[in-house]
Each structure stands twice: as structure tokens, then as C-alpha cells.
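Undergrad:
Residue numbers (the UniProt record's numbering): 1 to 360.
Spelled out as C-alpha cells, the structure:
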């Protein structure tokens with residue numbers, strides 16, 4: 001099966017409303033890619049109501065705000081940014097502008113372009129509040145949501161070539177807490193404010209990311225998490241912590257990435273167990289039918305997003321990557337797979353399903 005989609009075109013149509021220029025946004029996709037091309041299928045951008053907000057609140061997002069979030073998700077996917085990286089970008093945009101493409105009267109030119117309100121912080125504009133005077137880009141470029149996302153991510157293919165530095169230009173960002181990484185890019189006066197938007201960002205990534213990331217194979221399987229393979233299936237050295245030692249045989253694959261990286265169901269199924277144990281820490285198990293089950297261990301404390309008995313879709317976020325349990329030596333996902341109760345090599349099984357583990 002060939003997945004259509006390689007690029008996203010954002011068509012912003014000026015709409016006069018209450019004296020402010022608004023936008024009607026349509027997302028288009030074109031081109032061809034493989035089943036795991038890391039690009040996006042077309043999505044319909046609609047308003048969202050009663051979604052998780054800071055703390056225990058619920059908030060609503062208008063269609064234009066959701067469209068801006070979709071642009072960030074699509075740009076991140078096209079650049080093969082990890083889910084953690086996209087989550088950081090969404091958290092920053094939520095904090096800086098609540099995902100509104102803001103003009104600024106201090107920058108009169110910005111008022112000439114489609115926008116969803118006005119800001120007043122120095123000469124900051126757009127969803128990320130990037131400043132033309134700081135070299136982020138021209139006013140015209142910065143008022144384009146796609147360019148703003150590309151500038152935030154940065155990297156070798158970014159528009160600014162590391163000056164000012166985007167997320168990918170920030171040394172060690174993968175090892176930072178999500179809010180800390182956002183602060184490293186933004187140099188904000190309120191770094192603690194980014195983390196409070198994590199629940200909203202996770203909801204948006206789950207809702208909008210289904211058309212992106214590594215994709216679902218023709219057999220219905222997908223990568224449970226992006227990251228580097230740090231442990232393979234088979235014999236390995238014993239790890240002892242606090243008097244508890246791991247077996248000499250590792251019955252899973254370890255995928256390492258930043259703490260807080262979303263962990264997804266590798267295929268559709270029913271959550272058969274959600275629990276905590278001393279060695280594996282926080283664990284979710286999913287029954288996919290036909291005798292096939294998957295296990296996800298060392299999950300971040302307090303990050304369970306599913307409950308026992310719940311039906312899940314392939315690619316649905318079930319928790320966040322962490323380092324819980326005595327057998328963990330750093331943030332990673334312990335991904336196990338069993339057929340009729342017998343552990344099998346997840347890498348071999350997933351390759352047979354058209355999925356390569358350990359990719360962004």
C-alpha cells in the first residue's frame with residue numbers, strides 16, 4: 001500500500017472579522033511516499049472543545065488554532081522530528097500564543113498579513129513569538145505558520161542555519177525535560193510555564209499525529225516510540241540494582257529517547273493490564289488478538305493514558321517514556337512481544353509487519 005502525502009500547503013485566505021484579519025485554513029497534501037515515509041496524510045482541521053488544559057482545566061481551541069497545531073505536526077513529521085520534539089513545539093506555541101498567529105502593532109507590517117489577534121511583547125510575532133530583530137526571519141516569513149515551525153525546529157535544513165538556534169541546534173535537547181528544551185530555544189522569562197501545557201500538547205499530538213509520524217503499515221502495525229535502539233533481544237549482561245537482578249536473557253528491545261516521549265500502541269487491540277512492578281516500573285500490556293501481545297515498560301510516573309479493558313488504535317498514545325523500575329538505567333521504552341505466551345524478537349516480528357524499530 002502506498003501512502004499519499006509528502007508536503008503540506010497552507011492556504012491562508014484573509015477574512016474580515018471584528019476589525020481583525022482572520023484566516024480560513026485548508027491543508028493540502030501531495031506527492032508519494034512509502035508506508036513509513038515520515039510524512040502526513042491530509043487532515044480536516046476543526047475546532048476542539050473540552051480538551052485538557054493547564055492543571056485540571058478544560059479549554060477549547062478554534063479551527064484556526066487547531067490548523068496552526070496541524071502545521072507544526074506536519075512540519076515536524078516531514079523533517080522526521082521525534083514525537084518529543086513535536087510535543088515541545090506544541091507546548092511552546094500554546095504558551096506563547098495559544099496557537100494563534102499573532103501580529104504586533106510594534107511591527108506595523110505584521111498587521112498586513114493574515115493573523116488571529118495582536119500581541120505586544122517587544123517585536124515578537126506569530127505562534128512562537130519570534131522576533132524579526134533577533135534574526136528569526138523577515139516579517140512576511142514569520143507571519144507564515146509553516147516558516148515559523150521550520151524556524152523553531154531549525155537544524156541543518158532549517159531556514160536560519162543555526163542562528164538563531166532552533167530546537168535541533170540546541171545541544172543535548174533530547175536529554176532535557178520537555179519544558180527545559182522549549183526554554184532553551186525561546187529564552188523565555190517564564191520557563192516553568194511551558195510544562196503546564198503538556199496535557200494540551202499531548203492531546204493535539206494524539207489527535208493530529210495519527211496522520212503523521214512513522215505511519216501504520218499495511219498489516220496494521222506502527223513504531224511504538226521514536227529513538228535509538230540501546231538493547232536487543234537475546235543474552236546480555238545482568239543488571240543488579242538494590243539487590244534485584246535482571247535475567248541474563250533480555251526478552252525485549254530497548255528504545256531510548258528523552259523522558260516524556262509519547263509511547264504508542266504498536267497495533268490495535270485491548271489493554272489487558274496496567275500496573276507497576278519493582279523491576280519494570282510502570283507497565284502497559286496490550287492484547288492484539290491471535291495470541292499476540294505487547295508489553296511497554298519503564299513508563300513515566302503518572303503518565304498512563306489508558307486503562308485496563310480499553311480498546312486502543314495503532315499509534316494511539318498509551319503513556320510517556322520514562323525510567324521507572326530497578327532495571328532501568330535511563331529514559332527508554334522496554335518493548336516486549338509475545339506469541340501464545342512465548343517471547344519473540346520484536347525487531348524481527350515488526351520487520352515482518354513492515355515496521356522498523358528505533359527510527360524517528
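We treat Cβ as the ideally placed atom computed from N, Cα and C, and that holds for glycine.
Any chance you could list the alpha helix (DSSP H) runs of at least 4 consecutive residues sitting entirely within the stretch 110 to 185, in chain order?
TA: Within the stretch 110 to 185, the complete alpha helix (DSSP H) runs of at least 4 residues are 139 to 142, 145 to 153.
Undergrad: Can you find a CB in chain C that lies within less than 8 Å of the CB of residue 253?
TA: Absence of chain C from the displayed structure is noted, only one protein chain being present.
Undergrad: I'd like to know whether the C-beta atoms of residue 358 and residue 227 end up nearer to each other than 8 Å.
TA: A contact, by the Cβ cut-off of 8 Å.
Undergrad: Does residue 32 come out as helix, strand or coil in the three-state DSSP assignment?
TA: With a pLDDT of only 32 at residue 32, under 50, the local geometry of the prediction cannot be trusted, and no value is derived from it.
Undergrad: Residue 60 and residue 69 - do their beta-carbons sit closer together than 8 Å?
TA: It is not a contact, given that the beta carbons lie outside the stated cut-off.
Undergrad: Is it the case that the stretch 322 to 331 contacts the stretch 270 to 281, given that we only count it when at least three CB pairs across the two stretches are under 8 Å?
TA: Contact between the stretch 270 to 281 and the stretch 322 to 331 is present, because at least three Cβ pairs lie under 8 Å.
Undergrad: For the candidate residues 87, 63, 134, 76, whose alpha-carbon lies nearest to that of residue 101?
TA: When each option's Cα is compared against that of residue 101, the closest is 63.
Undergrad: Look up residue 224 in the DSSP assignment and give the residues it is bridged to.
TA: The partner list for residue 224 (beta bridge, DSSP) is empty, contrary to what the question assumes.
Undergrad: Consult DSSP for residue 234 and reduce its assignment to one of helix, strand or coil.
TA: The answer is strand: DSSP assigns residue 234 an E or B state.
Undergrad: What are the residues that DSSP puts in a beta bridge with residue 311?
TA: Its beta-bridge partners are 270.
Undergrad: So the alpha helix (DSSP H) residue 361 belongs to, where does it begin and stop?
TA: Missing from the structure shown is residue 361; the chain here goes from 1 to 360 and no further.
Undergrad: Output the boundary residues of the alpha helix (DSSP H) element that contains residue 76.
TA: Note, residue 76: alpha helix (DSSP H), 63 to 78.
Undergrad: Taking the alpha-carbon positions, what's the residue 149 to residue 80 distance?
TA: Rounded to the nearest angstrom, the two C-alpha atoms are 13 Å apart.
Undergrad: With a CB to CB cut of under 7 Å and the five nearest residues on each side skipped, what residues in its chain are close to residue 201?
TA: The answer, listed in chain order, is 87, 90, 91, 94.
Undergrad: Consult DSSP for residue 51 and reduce its assignment to one of helix, strand or coil.
TA: Strand, per DSSP.
Undergrad: Considering only the alpha carbon of each residue, which of 126, 84, 350, 177 lies closest to residue 339?
TA: The option with the nearest alpha carbon to residue 339 is 350.
Undergrad: So, residue 73 versus residue 47, is the Cβ gap smaller than 8 Å?
TA: No, the Cβ-Cβ distance between residue 73 and residue 47 is not below 8 Å.
Undergrad: Which residues in the same chain have their Cβ closer than 8 Å to the Cβ of residue 250, if we skip the five residues on either side of it in sequence?
TA: If we look at residue 250 and ignore the five residues flanking it on each side, its Cβ neighbours are 231, 232, 233, 234, 235, 236.
Undergrad: For residue 140, does the count of other Cβ atoms within 10 angstroms reach 16, so buried, or fall short, so exposed?
TA: Answer is exposed; the Cβ neighbour count stays below 16.
Undergrad: Distance, Cα to Cα, residue 156 vs residue 337?
TA: About 36 Å.
Undergrad: In chain order, what residues of the same chain lie with their CB nearer than 6 Å to the CB of residue 365, ignoring the 5 residues before and after it?
TA: The question about residue 365 has no answer here: the residues shown for the chain are numbered 1 through 360.
Undergrad: Closer than 8 Å by C-beta to residue 205: which residues in its own chain qualify, once you throw out the five before and the five after it? Chain order, please.
TA: Same-chain partners within the cutoff: 73, 83, 86, 87, 90, 262, 317.
Undergrad: Using 8 Å for Cβ pairs, my map puts residue 259 next to residue 308. What's the rounded Cβ distance?
TA: In fact, because the Cβ distance is near 24 Å, the residues do not count as touching under 8 Å.
Undergrad: Closer than 7 Å by C-beta to residue 107: which residues in its own chain qualify, once you throw out the five before and the five after it? Chain order, please.
TA: Excluding positions up to five away in sequence, the list reads 123, 125, 132, 139.
Undergrad: Mark residue 255 as exposed unless 16 or more other C-beta atoms lie within 10 angstroms of its C-beta, in which case mark it buried.
TA: Residue 255 comes out buried.
Undergrad: Inspect the beta-carbon positions of residue 189 and residue 173 and report whether they are closer than 8 Å.
TA: No.
Undergrad: Where residue 198 and residue 52 are concerned, what is the direct C-alpha to C-alpha distance, given to the nearest angstrom?
TA: Each residue's Cα considered, the two are about 9 Å apart.
Undergrad: What does DSSP give as the partner residue(s) for residue 195 in the beta ladder?
TA: BP columns for residue 195 are empty, so no partner.
Undergrad: Where does the unbroken alpha helix (DSSP H) through residue 365 begin, and where does it stop?
TA: Here the chain has residues from 1 to 360 only, and residue 365 is not among them.
Undergrad: Going by beta-carbon coordinates alone, are residue 152 and residue 166 separated by less than 8 Å?
TA: The answer is yes: Cβ separation under 8 Å.
Undergrad: Which residues share a DSSP beta bridge with residue 321?
TA: Per DSSP, 299.
Undergrad: Write down the C-beta distance between residue 342 and residue 311 rounded to the nearest angstrom, noting that I regard them as a contact closer than 8 Å.
TA: Not a contact, Cβ separation roughly 25 Å.
Undergrad: By DSSP, does residue 262 sit in helix, in strand, or in coil?
TA: Of the three classes helix, strand and coil, the one that applies to residue 262 here is strand, per DSSP.
Undergrad: What residues in its chain sit with their C-beta under 6 Å from that of residue 365, if we drop five residues either side in the sequence?
TA: This structure cannot speak to residue 365, because the chain is shown only from 1 to 360.
Undergrad: Taking its Cβ as the centre, do 16 or more other Cβ atoms sit within 10 Å of residue 186, making it buried, or is it exposed?
TA: Buried is the call here.
Undergrad: Between the C-alpha atoms of residue 303 and residue 330, what's the straight-line distance to the nearest angstrom?
TA: In a straight line, the C-alpha of residue 303 is about 17 Å away from that of residue 330.
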